[in-house]
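Protein chains in written order, with this note's numbering: chain G, 190 to 475; chain B, 420 to 538.
Data first, discussion second: the structure below is written as structure tokens.
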Amino acid sequence: MTRSKPILAFASAVTLVMLVMLAACAHETPRELIAARSAYEQAAAGPSKELTPAELHVARRSLLHAEQLYDDKGDTSVVRDQAYIALRKAELAATLARTQLAQRMVAAAAQQTRQLKEQEVARTRSKLEATQEELIAERERRAAAEQRVAQVSADLARLATVKQDERGTVITLSGSVLFASGKYALLPAARTRLKQVADALMKGDPNTTFVVEGHTDSRGSAELNQVLSLNRANAVRDFLVEQGVPQERVTAEGHGAERPVADNSTVEGRANNRRVEIIVKPGRSA
Amino acid sequence: MTQRLIIILGVALAAAACASHPPPTDTMANALASMRGAEELGAANVPQASLQLQLAQEQLSKARKLMKDNKNERAHNMALRAANDAELAIALVREARALKAAEQAGQRVEAVRNPEVRP
């Protein structure tokens, strides 16, 4: 009994060492299996679950098969082969999912490009349409303005002599129609006619300005003629303002006998020189 | 006598075991086809795919050696490894292509969005 004790102790020690070794062996999971597990976990956590569920399922079954083999047989070459395959299947599922993501991005980008181009086309089109509309409106405005000018000219032609010179459109009203000899008060008949002239002038472009010029023949003193011509011009201007022509658009000037349009030595020439001219100057923006 | 009988029986059993695993020619042909496919897709131009294809070639040559040694079951598994390597190589080439296409598509969007930035 006394001799058998150390032997027994030795035997149990050997057994213990063997058990520990066995346990160590059992815990040494093949690296292929470890890699396969982590690859599957990664794939399952990524877009593969949604985008490539079939491939992920195959990877899972492959991994479970490897785990089962490992439980049954421990670390053997068959287990390592199966784990290696499971690892590749997990990587495949993840790769295919990433590929699909990229393809979706391509499709989304193509859609976006199309939309942006369509927007661009729509913008260009509306810009062109706006330009077109503006052109049409401009043409209409111009036609209306021309129409107005034509109307004014026609109206004035019936009332007085109208001609064009370097000063603009010149409306000439005979002095004998407007005033009594040597006076500057408008005759009643002149008022009717001037009223029509004022109406015609106001129908025109609101930017035009008017200069009323008084002229006399050469009889009498120059000083007197100057005063008379200015008074007459003022009388016509005041009447036009009274009729509604804005004050700031109409000025008056007296030129006496300085600017004859006919021969002062004849009765007819002198009659033509006694006159009031209204010069229509087009506005700057017209 | 009994000892010899056991040895003979064991050899016979081993032979039978080998016989139950025919040479994995199909599996190997499969792996080879996938490897060719990866090559044709241009795996050589994608580093990751190229590496995966190299692994497939290594597994396949191991499978050939195992088959020569009559270890058909292991050869079959090794050929399966090669086939899975090659399939992953194909997927990696396609992924690289898709990523490149996505990048270019993104650039096109930018170009349309900011035409003045075009080089």
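All residues carry an ideal CB built from backbone N, CA and C; glycine is no exception.
Starting from the C-beta of residue i, find all residues in its chain whose C-beta is less than 7 Å away, skip the five residues before and the five after it, and write them out in chain order.
| i | result |
| --- | --- |
| G:Lys-384 | Gln-432 |
| B:Ala-498 | Pro-443, Thr-446, Met-447, Ala-450, Leu-479, Ala-482 |
| G:Ala-369 | Leu-376 |
| B:Val-512 | Ala-457, Leu-460, Gly-461, Ala-462, Val-465, Ala-468 |
| G:Val-267 | Leu-258 |
| G:Ala-286 | Gly-235, Pro-236, Ser-237, Leu-240, Thr-241 |
| B:Arg-537 | Note that B:Arg-537 scores 49 on pLDDT, short of 50, meaning its location in the model is unreliable; the coordinates nonetheless yield the value given after this. Taken in chain order, the residues that qualify are Ala-530. |
| G:Ala-255 | Leu-222, Ala-225, Val-268, Gln-271, Ala-272, Ala-275 |
| G:Arg-249 | Tyr-229 |
| G:Lys-392 | Arg-337, Gln-340, Val-341 |
Can you tell me the Cα-Cα spacing of residue i and residue j, whole angstroms?
| i | j | result |
| --- | --- | --- |
| G:Glu-244 | B:Asp-445 | 23 Å |
| G:Thr-440 | G:Ile-360 | 15 Å |
| G:Thr-398 | G:Thr-313 | 42 Å |
| G:Ala-389 | G:Val-465 | 17 Å |
| G:Arg-277 | B:Asp-504 | 7 Å |
| B:Ala-494 | G:Ala-299 | 48 Å |
| G:Val-434 | G:Leu-305 | 56 Å |
| B:Leu-418 | B:Pro-466 | Shown here, chain B extends from 420 to 538; a query on residue 418 of chain B therefore has no answer. |
| G:Pro-395 | G:Gly-403 | 24 Å |
| B:Ser-469 | B:Arg-516 | 14 Å |
| G:Leu-419 | G:Glu-457 | 23 Å |
| G:Pro-449 | G:Arg-463 | 8 Å |
| G:Tyr-273 | G:Lys-262 | 16 Å |
| B:Gln-476 | B:Ala-501 | 7 Å |
| B:Glu-506 | G:Arg-303 | 35 Å |
| G:Gln-415 | G:Leu-348 | 26 Å |
| G:Gln-373 | G:Ala-424 | Checking the sequence, you will find Tyr at residue 373 of chain G rather than Gln. Whole-angstrom Cα-Cα distance: 7 Å. |
| B:Ile-509 | B:Ala-452 | 11 Å |
| B:Cys-437 | G:Arg-269 | Confidence is the limiting factor: at B:Cys-437 the pLDDT is only 48, short of 50, which leaves the residue's position unreliable and the question unanswerable from this model. |
| G:Arg-459 | G:Ala-319 | 59 Å |
| B:Arg-423 | B:Asp-488 | 26 Å |
| G:Thr-350 | G:Ser-410 | 28 Å |
| G:Asp-406 | G:Gln-436 | 28 Å |
Taking 6 Å as the limit between beta carbons, can you name the residues of its chain near residue i, skipping five residues before and five after?
| i | result |
| --- | --- |
| G:Glu-280 | Ala-228 |
| G:Leu-252 | Ala-225, Tyr-229, Ala-275 |
| G:Gly-357 | Ile-468, Val-469, Lys-470 |
| G:Leu-429 | Ala-387, Val-439 |
| G:Val-401 | Ala-422, Val-425, Arg-426, Ala-441, Ile-467 |
| G:Gln-289 | Leu-240 |
Helix, strand or coil, according to DSSP, for residue i in the structure here?
| i | result |
| --- | --- |
| G:Thr-241 | coil |
| G:Gln-432 | coil |
| G:Leu-197 | helix |
| B:Lys-484 | helix |
| G:Glu-466 | strand |
| G:Ser-363 | strand |
| G:Thr-265 | coil |
Taking 8 Å as the cut-off, does the CB of residue i come closer than this to any heavy atom belonging to the ligand MN?
| i | result |
| --- | --- |
| G:Thr-302 | As presented, the structure is devoid of all ligands, the ligand MN included, so that no description of it is given. |
Applying a beta-carbon distance threshold of less than 7 Å, which residues of chain G neighbour residue i?
| i | result |
| --- | --- |
| B:Asp-504 | Arg-277 |
| B:Gly-525 | Ala-298 |
| B:Arg-532 | Leu-305 |
For residue i, collect the residues of the same chain with a Cβ closer than 8 Å to its Cβ; drop the 5 residues on either side in sequence, then sort them by chain order.
| i | result |
| --- | --- |
| G:Ala-378 | Val-366 |
| B:Leu-485 | Asn-491, Arg-493, Ala-494, Met-497 |
| G:Thr-218 | Tyr-259, Asp-264 |
Using the beta-carbon of each residue, which ones in chain B are nearer than 8 Å to residue i?
| i | result |
| --- | --- |
| G:Asp-270 | Arg-493, Asn-496, Met-497, Leu-499, Arg-500 |
| G:Lys-470 | Those do not exist, as G:Lys-470 stays about 48 Å from chain B at its closest Cβ, beyond 8 Å. |
| G:Gln-292 | Ala-517, Ala-520, Ala-521 |
| G:Leu-281 | Asn-503, Glu-506, Leu-507, Ala-510 |
| G:Val-295 | Ala-517, Ala-520, Ala-521, Ala-524 |
Please list the partners that residue i has in chain B, where partner means a Cβ-to-Cβ separation under 7 Å.
| i | result |
| --- | --- |
| G:Gln-301 | Val-528 |
| G:Ala-273 | Note on residue identity: the sequence assigns Tyr, not Ala, to residue 273 of chain G. Within 7 Å Cβ-Cβ: Arg-500. |
Which bits of chain G does residue i rub up against, with CB to CB less than 9 Å?
| i | result |
| --- | --- |
| B:Val-465 | Result: empty, since nearest Cβ-Cβ is about 11 Å, beyond 9 Å. |
| B:Glu-459 | Chain G residues near B:Glu-459: none, gap ~18 Å exceeds 9 Å. |
| B:Glu-514 | Thr-284, Leu-285, Arg-287, Thr-288, Ala-291 |
Mind pulling the chain G residues with CB within less than 8 Å of residue i?
| i | result |
| --- | --- |
| B:Leu-511 | Thr-284 |
| B:Arg-455 | Within 8 Å Cβ-Cβ: nothing; B:Arg-455 doesn't reach chain G, min ~18 Å. |
| B:Arg-483 | Result: empty, since nearest Cβ-Cβ is about 15 Å, beyond 8 Å. |
Under 9 Å Cβ-Cβ, which residues of chain B neighbour residue i?
| i | result |
| --- | --- |
| G:Val-267 | Glu-492, Arg-493, Asn-496 |
Next on the checklist: Suppose only complete runs of 3+ residues qualify. What are the beta strand (DSSP E) ranges in the segment 436 to 484 of chain B, listed by chain order?
Outcome noted: none
Next on the checklist: Quick check for students: name the residue ranges of the beta strand (DSSP E) that lie wholly in the segment 377 to 456 of chain G, counting only runs of 3 or more.
Outcome noted: 398 to 404, 439 to 443
Checklist entry - At what residue ranges does the segment 300 to 372 of chain G contain a whole run of the beta strand (DSSP E), taking only runs of 3 or more? => result 350 to 354, 357 to 363
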